[in-house]
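Engineer: Residue numbers (my numbering): 2 to 282.
Note that CB positions come from ideal geometry on N, CA and C, so glycine has one too.
(1) Exposed or buried, what is residue 186 when buried is set at 16 or more other beta-carbons lying within 10 Å of its beta-carbon?
(2) Which residues does DSSP list as the beta-bridge partners of residue 178?
(3) Mind checking whether residue 143 and residue 170 have CB atoms under 8 Å apart?
(4) Give a yes or no on contact between the segment 23-43 and the segment 177-197, applying the rule of three or more CB pairs nearer than 8 Å.
(5) Where do the N-terminal and C-terminal ends of the alpha helix (DSSP H) with residue 24 fall, by residue?
(6) Name the DSSP beta bridge partners of residue 70, please?
(7) Thinking C-beta only, is residue 257 closer than 8 Å to residue 216?
(8) Three-state secondary structure (DSSP) at residue 154?
(9) Pick out the complete beta strand (DSSP E) segments inside the segment 181-238, 3 residues or longer, and give them in chain order.
(10) Decide yes or no for the touch test of the segment 218-237 against the segment 111-125: beta carbon pairs closer than 8 Å, at least 3 of them.
(11) According to DSSP, is residue 57 helix, strand or coil?
(12) With burial defined as no fewer than 16 other Cβ atoms inside 10 Å of the residue's Cβ, what is the status of residue 146: buried or exposed?
(13) Which residue's Cα is closest to the Cα of residue 107: 159, 141 and 135?
(14) Report the three-state DSSP secondary structure of residue 138 (helix, strand or coil).
(15) Enumerate in chain order the residues of its own chain whose CB-to-CB distance from residue 101 is below 7 Å, with the five nearest sequence positions on each side excluded.
(16) Figure out for me which residue from 116, 175, 115 and 153 has the closest Cα to the Cα of residue 131.
(17) Look at the alpha carbon of residue 194 and the alpha carbon of residue 174, and state the distance between them as a whole number of angstroms.
(18) Going by DSSP, what residue range makes up the beta strand (DSSP E) through residue 64?
(19) Can you tell me where the alpha helix (DSSP H) with residue 149 in it begins and where it stops?
(20) At the level of alpha carbons, what is the spacing between residue 273 and residue 17?
(21) Taking just the CA atoms, how far does residue 50 sit from residue 82?
(22) Can you grab the Cα-Cα spacing for the pair residue 235 / residue 73, in whole Å?
(23) Spatial neighbours of residue 275 within its chain, please: C-beta separation below 7 Å, excluding the five flanking residues on both sides.
(24) Measuring only between beta-carbons, confirm whether residue 240 sits less than 8 Å from chain B.
(25) When we look at the beta-carbon of residue 21 and count the other beta-carbons within 10 Å, is it buried (16 or more) or exposed?
(26) Does the distance from the C-beta atom of residue 264 to that of residue 255 stay below 8 Å?
(27) From residue 34 to residue 8, what does the alpha carbon distance come to, in whole angstroms?
(28) In the DSSP assignment, find the alpha helix (DSSP H) that holds residue 105 and state where it starts and stops.
(29) With DSSP run on the structure shown, which of helix, strand or coil describes residue 169?
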């Protein structure tokens, strides 16, 4: 048992502020210590480099200097390894209209919104060290992805500037993927799922999904709700952002209400049941 285990277990019963203030730096430190075995560190991190286990592999793309993270952020494009791994599951590269300068500006706006809740902003800065743009299906769709094999990378849907998608939607997508990364790092220290093959209905994907996926979805969307409440209660926010926050809080509550009693699952560890109970209580 380590201090990190104790911190995680102390956080799991929380019923608000579920980004768990101050936990992300400790989770990140453990993940960086593992990457150091491959000579990968903050200064040279990249998704392709992690997948290739090569700290000097080419990192395609560019550096964003004004994306709101307080440091240069790699905007990492697919190499052949990434394309083979993620293209096969439908994560396509952005279309020709993709404008990296526009995405950088929108990321800065998104981070301003996330920073309404400082703990959420801290988690994003601790856990995001490369961003890969991916295609979106259309104006009404927001796409994101994360891979537990890449502890500091997220994939974000890149809308065209003419779509005029509000920054609060990008902020939600960004925080969504960061919280998937955070829960994966939590699981690497404190297992939450036993892996017995149980599946449950997902109100988000409208199909049966493994218990682990259900727990991840529930956790991420509860964090989103917690953050949106901060946005909704901030008098400095634009009226449109506050309205969107209330809409999404209500939508997420309705979706979560469709879940069966996740905490009763015999596919969860004791810690997993504690988390599930806190997310559904």
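Structural biologist: Inspection of the coordinates gives the following:
(1) buried
(2) In DSSP, residue 178 forms no bridge with anything.
(3) yes
(4) yes
(5) 24-36
(6) In the DSSP output, where bridge partners are listed per residue, residue 70 has none listed.
(7) no
(8) strand
(9) Scanning the segment 181-238 for uninterrupted beta strand (DSSP E) segments of 3 residues or longer gives 200-203 and 208-211, listed from N- to C-terminal end.
(10) Touching, per the Cβ criterion.
(11) coil
(12) buried
(13) 159
(14) Of the three classes helix, strand and coil, the one that applies to residue 138 here is coil, per DSSP.
(15) 63 and 76
(16) 153
(17) Roughly 25 Å between the two C-alpha positions.
(18) 62-65
(19) Segment: none, residue 149 is in no alpha helix (DSSP H) and carries neither H nor E.
(20) 17 Å
(21) 10 Å
(22) 28 Å
(23) 13 and 14
(24) Reference to chain B is not applicable here, since this structure consists of a single protein chain.
(25) buried
(26) Not a contact, by the Cβ cut-off of 8 Å.
(27) 18 Å
(28) From DSSP, the alpha helix (DSSP H) with residue 105 extends over 101-115.
(29) helix
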